[in-house]
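Asks:
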Amino acid sequence: MNMPFELGLDIGMKYSGIPDFAQKRMLIVEQTKYQYQKALSDLAGFDIHAHENDLSKLIEIIRDWLVENKATTIRIGPKEIWNRLCDFNFVLYSERQRQGYSNENEKNEMPINETLELLDNWMVMKTQ
257 MNMPFELGLD IGMKYSGIPD FAQKRMLIVE QTKYQYQKAL SDLAGFDIHA HENDLSKLIE
317 IIRDWLVENK ATTIRIGPKE IWNRLCDFNF VLYSERQRQG YSNENEKNEM PINETLELLD
377 NWMVMKTQ
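Taking the working numbering, the leading residue of the sequence shown gets 257, the next gets one more, and so forth.
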């Protein structure tokens, strides 16, 4: 129940009256449409997207939300994002192996900020 708690904090900050948070935008995604109502009925009226356990649909939802909210200037389709993510993961895995990371956990585990920075650089490089 950690994510519903964090979502509640986010929504609370948006409506707290603190000017810096008034323009806060958030994307709420769930696996199955209306599943949230079992535990979070107070979300009625929010635009919640269901990915239906389909990774390509999740990528499309996130991509479209980023474009609609002017959070990215990258204009490529969801399938191309998926292809580039697969390419990135292959290169990242190979690079980590070259750097001396030996076991599977070491190759796959890295701080999220480092992963996001590398992914961002990879995506920008591929769009140029």
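Glycine residues also receive a C-beta, built at the ideal position from the N, C-alpha and C atoms.
Which runs of the alpha helix (DSSP H) fall wholly inside the stretch 265–341 and span at least 4 residues, in chain order?
Replies: 275–278 and 311–324
Asks: Can we say the stretch 346–363 touches the stretch 319–329, given the rule of at least three CB pairs closer than 8 Å?
Replies: no
Asks: In whole angstroms, what separates the C-alpha of residue 305 from that of residue 320?
Replies: 11 Å
Asks: Roughly how far, in whole angstroms, is the beta-carbon of residue 307 from the beta-carbon of residue 287, given that I think they are within contact range, below 8 Å?
Replies: 6 Å
Asks: Within this structure, are the beta carbons of residue 368 and residue 337 separated by less than 7 Å?
Replies: no
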